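Trainee: Residues 286 to 365, numbered by my numbering, are exactly what the sequence shown covers, in order. Every residue gets a Cβ at the ideal spot worked out from N, C-alpha and C, and that includes glycine. Computed from a prediction, not measured in an experiment: that's the story for all the values here.
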Amino acid sequence: MQIDSLPHLDEHATLIAAETDQVWPHLTDVVERTFSRPGTGGYARLVGAADPVTSGPRPLVEGSTFPGFHVFPWTGENGR
Numbered sequence: 286m287q288i289d290s291l292p293h294l295d296e297h298a299t300l301i302a303a304e305t306d307q308v309w310p311h312l313t314d315v316v317e318r319t320f321s322r323p324g325t326g327g328y329a330r331l332v333g334a335a336d337p338v339t340s341g342p343r344p345l346v347e348g349s350t351f352p353g354f355h356v357f358p359w360t361g362e363n364g365r
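(1) Given a threshold of 16 other Cβ atoms within 10 Å of its Cβ, counted over all protein chains shown, does L331 qualify as buried or as exposed?
(2) Three-state secondary structure (DSSP) at T360?
(3) For P292, report the span of its alpha helix (DSSP H) as first-last.
(4) Here's a check: name, in chain order, each residue in its chain whose Cβ is nearer than 8 Å to the Cβ of I301, leaving out the five neighbours to either side.
(5) Between the alpha carbons of D289 and S349, how many angstroms are there, rounded?
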């Protein structure tokens with residue numbers, strides 16, 4: 286099954302009045318702890334996530350992954 290053929294289910298965005306270097310370290314800590322717990326990789330594989338394992342450099346940068354998520358660069362106003 287092609288990913289493009291799947292329906293869009295969810296998207297979240299929160300604008301924060303702070304500099305990236307103030308927010309990013311705290312955000313990455315929370316995301317890593319939340320989505321890198323035991324069992325998340327198995328669930329990500331079960332549902333067919335493109336990135337079922339943790340990989341890439343830390344702290345998170347473009348290309349880093351954790352189960353179910355992939356870090357992409359900001360490319361515009363709506364984050365795409």
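Mentor: According to the data block:
(1) exposed
(2) coil
(3) Run containing P292: none; DSSP gives neither H nor E here.
(4) V308
(5) 22 Å
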